[in-house]
Amino acid sequence: MGLFAGTVTAQAADKGTAEVKKYPLSLDMDIALDPGYGHTHPGGKGQIDKNIESMWENLPITVEDENGKKIDVKKNLQSNFQRFVGDFAIGEKLTITIDTDKIPVGYHLSHDTDRTYIPAKGYSKFTVTYKLDDGKPIPLRISFGKLNVKFDLKGGNIEGKTDPIVNTVKTDNTVDFPADPAKKNLVFGGWYTELPDIEYYRNHNMAGKRYYWNKKSLFSDTSCDVPQWNDEKLDPRGDYQFLLRAQWNAKVSFNANGGTFIDGKAEKSGAIRQGKSIKMLAAPTREDYQFLNWVDAAGKAYKPGDMYTLNANTVFTAKWKQIRSTVTFKDGDKTQTVKVETGKAIDTDALKDQSMPKNPTKDGYTFKEWNTKADGKGKAFTGTTLVNSDLTVYAIFTKNLKPAPTPDPILPAPFEPESGMENPLSVPESQTPETKQELSHAPKSEHEHNTAHEYVKSPVVEHNTEKHVPDMPKTGESASVVALISALGFAIAGFAVVRLRRVFEAKSVR
Numbered sequence: 001m002g003l004f005a006g007t008v009t010a011q012a013a014d015k016g017t018a019e020v021k022k023y024p025l026s027l028d029m030d031i032a033l034d035p036g037y038g039h040t041h042p043g044g045k046g047q048i049d050k051n052i053e054s055m056w057e058n059l060p061i062t063v064e065d066e067n068g069k070k071i072d073v074k075k076n077l078q079s080n081f082q083r084f085v086g087d088f089a090i091g092e093k094l095t096i097t098i099d100t101d102k103i104p105v106g107y108h109l110s111h112d113t114d115r116t117y118i119p120a121k122g123y124s125k126f127t128v129t130y131k132l133d134d135g136k137p138i139p140l141r142i143s144f145g146k147l148n149v150k151f152d153l154k155g156g157n158i159e160g161k162t163d164p165i166v167n168t169v170k171t172d173n174t175v176d177f178p179a180d181p182a183k184k185n186l187v188f189g190g191w192y193t194e195l196p197d198i199e200y201y202r203n204h205n206m207a208g209k210r211y212y213w214n215k216k217s218l219f220s221d222t223s224c225d226v227p228q229w230n231d232e233k234l235d236p237r238g239d240y241q242f243l244l245r246a247q248w249n250a251k252v253s254f255n256a257n258g259g260t261f262i263d264g265k266a267e268k269s270g271a272i273r274q275g276k277s278i279k280m281l282a283a284p285t286r287e288d289y290q291f292l293n294w295v296d297a298a299g300k301a302y303k304p305g306d307m308y309t310l311n312a313n314t315v316f317t318a319k320w321k322q323i324r325s326t327v328t329f330k331d332g333d334k335t336q337t338v339k340v341e342t343g344k345a346i347d348t349d350a351l352k353d354q355s356m357p358k359n360p361t362k363d364g365y366t367f368k369e370w371n372t373k374a375d376g377k378g379k380a381f382t383g384t385t386l387v388n389s390d391l392t393v394y395a396i397f398t399k400n401l402k403p404a405p406t407p408d409p410i411l412p413a414p415f416e417p418e419s420g421m422e423n424p425l426s427v428p429e430s431q432t433p434e435t436k437q438e439l440s441h442a443p444k445s446e447h448e449h450n451t452a453h454e455y456v457k458s459p460v461v462e463h464n465t466e467k468h469v470p471d472m473p474k475t476g477e478s479a480s481v482v483a484l485i486s487a488l489g490f491a492i493a494g495f496a497v498v499r500l501r502r503v504f505e506a507k508s509v510r
């Protein structure tokens, strides 16, 4: 290491204050010419690639002291390849900022454990405490590294490709990550490094511990694998690369299958490393059902609390036994539900507060039954019907038939003969058929003959009128047509009687 000779004494303004000694600070550099190899320190100009030498000479660097005073380090290389900053007191805290945009592609700032880094700035901004080495000033060394990161897919693939992917750490100490790989029946769990199973880590109970990396992680060549720390089971090549491995997780889901967990959710899921074991969840609850067990896709049953090794994505489904069923009675828009013990009937189960609903009513209809089909073509349901699962039944009605209206009969006006005049249609009770026939053969006067003739014609006219009224065949025609014809017949008969009466009245006038 090159040293800057001499010290500076700062005289205090107040004579009572002790003098403060200050010492020079210079910046030095070293660099890794190839990934995974040690750093080279140039002892002077012309000992390294000109592009690297020019980069170091012109790299923008700012140093800020405790009082907020900033110093832009001069772009000037001394003979020992160092850049002078200024004079500082022992124990003074300094903040160093480096413009990484000027670092050549493929290089990055190496991490140093003696520095306190500002997380928001990565490795480009850090604080140091000025100190001497064995009473002498020492330069602050800035290291530049090269590092490749290898992504091992561990049996997965990215767009069908299974080979490892290698990317170089960028000047801001980040690296480009590939797309998430895929693997059948597993889910990607991130990129990790794992401490090897060696004695040192075993003694500290750290063997196998994993660290996870992502796009925001900072990388440095000081993190690369080295042979003595490499676990050949995980990284058999030992190629001095920073190895990230794909972690594969098995996803587990618990489906309450109509029930709910204590938090009200119907499903719970998570993912753990492939090959790890889980404990089966506590039973969910479901109204009118009894939980039996958890079953996997193959139908194998597990009880809550059982241990299960997850080697692939797995779904466990709650298996239930229905202990109470619900019968829904639907009457149009009206709905009523009744609980019943599964496998029993409403009228005979132990649920005493549940019973068949009253028969519904409907204007112009008569309730027939409850039926398993809305059109009544299913099975009838009664209080003694066994119920093995939830069921919906429908009210079925039959329409009431209305009788056909009976028309009022139209009767002929009664014949009322005048005083002393006999009813021409009546036959004296004393006359028997034989007597009527004898009278018809007795000698008559001309007047009697005419009168008797009129008596005989009148009934004939009435009889002929009724005969010519046809009877309606019973062909199922409307009752209103039958009533009309009947009324017409009565009207004609009445007309004949009135006509006959007028004839008698005319003869009486003569």
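For the sequence shown, counting from 1, position 254 maps to 254 in UniProt numbering; every step adds exactly one.
We put the beta carbon where it would ideally sit given N, CA and C, even for glycine.
query                                                                                                               : result
Simplified DSSP assignment, three categories, for residue 64                                                        : strand
Collapsed DSSP secondary structure at residue 331 in the structure displayed                                        : strand
Pairwise C-alpha distance: residue 37 and residue 164                                                               : 21 Å
Proximity to residue 103 [Cα-Cα], best of 177, 94, 54, 380                                                          : 54
First through last residue of the alpha helix (DSSP H) which encompasses residue 37                                 : Note, residue 37: premise wrong, no alpha helix (DSSP H); not H, not E.
Given 8 Å, three or more beta-carbon pairs between the segment 133–146 and the segment 191–206                      : no
Three-state secondary structure (DSSP) of residue 287                                                               : coil
For residue 24: DSSP bridge partner residues                                                                        : 87
Distance between residue 349 and residue 383 (C-alpha atoms, nearest Å)                                             : 10 Å
Beta-carbon proximity of residue 320 to residue 259, cut-off 9 Å                                                    : yes
Distance between beta carbons of residue 129 and residue 93, contact taken as under 8 Å                             : 6 Å
Where the beta strand (DSSP E) containing residue 253 begins and where it ends                                      : 242–255
Presumed contact (8 Å Cβ cut-off) between residue 161 and residue 248, rounded CB distance                          : With a Cβ gap of about 17 Å, residue 161 and residue 248 do not count as contacting.
Nearest-angstrom Cα separation, counted from residue 33 out to residue 27                                           : 20 Å
Residue interval of the beta strand (DSSP E) (run including residue 369)                                            : 365–371
Same chain, Cβ closer than 7 Å to residue 100, five either side skipped, listed in chain order                      : 109, 124, 171, 172
Beta-carbon proximity check, residue 329 vs residue 370, cutoff 9 Å                                                 : yes
Exposure of residue 274, with buried meaning 16 or more beta-carbon neighbours within 10 Å                          : buried
CA nearest to the CA of residue 95, picked from 252, 280, 25                                                        : 25
Backbone secondary structure at residue 202 - three-state DSSP                                                      : helix
Limits of the alpha helix (DSSP H) - the one that residue 51 falls within                                           : 50–58
Sequence-distant residues of the same chain with beta carbon closer than 7 Å to residue 366, five excluded per side : 397, 398, 400
Residue 19 burial status per 10 Å Cβ neighbour count (16 or more: buried)                                           : exposed
CB-CB length for residue 88 against residue 74, believed under 8 Å                                                  : Not quite, the Cβ-Cβ distance comes to about 16 Å (not below 8 Å), so this is no contact.
Helix, strand or coil at residue 120 according to DSSP, with G and I counted as helix                               : helix
DSSP bridge partner residues for residue 137 (one or two, in chain order)                                           : 132
Cβ neighbour criterion (16 or more within 10 Å) applied to residue 211                                              : exposed
With 16 other Cβ atoms within 10 Å as the buried cut-off, status of residue 323                                     : exposed
Cutoff 6 Å; reference residue 290; Cβ partners in own chain excluding five residues on either side                  : 321, 323
Straight-line gap, residue 261 to residue 179 (C-alpha atoms, nearest Å)                                            : 36 Å
Minimum C-alpha distance to residue 219 - residue among 402, 107, 386, 256                                          : 107
Best match in 374, 167, 256, 134 for proximity to residue 595 [C-alpha to C-alpha]                                  : Since the first and last residues shown for the chain are 1 and 510, residue 595 lies out of range.
7 Å Cβ shell around residue 181 - same chain, five flanking residues per side excluded                              : 153, 156, 157, 158, 188, 246
Between the CA atoms of residue 49 and residue 202 - distance to the nearest angstrom                               : 44 Å
Exposed unless 16 or more other CB atoms sit within 10 angstroms - verdict on residue 105                           : exposed
Nearest residue (CA-CA) to residue 58, options 98, 199, 174                                                         : 98
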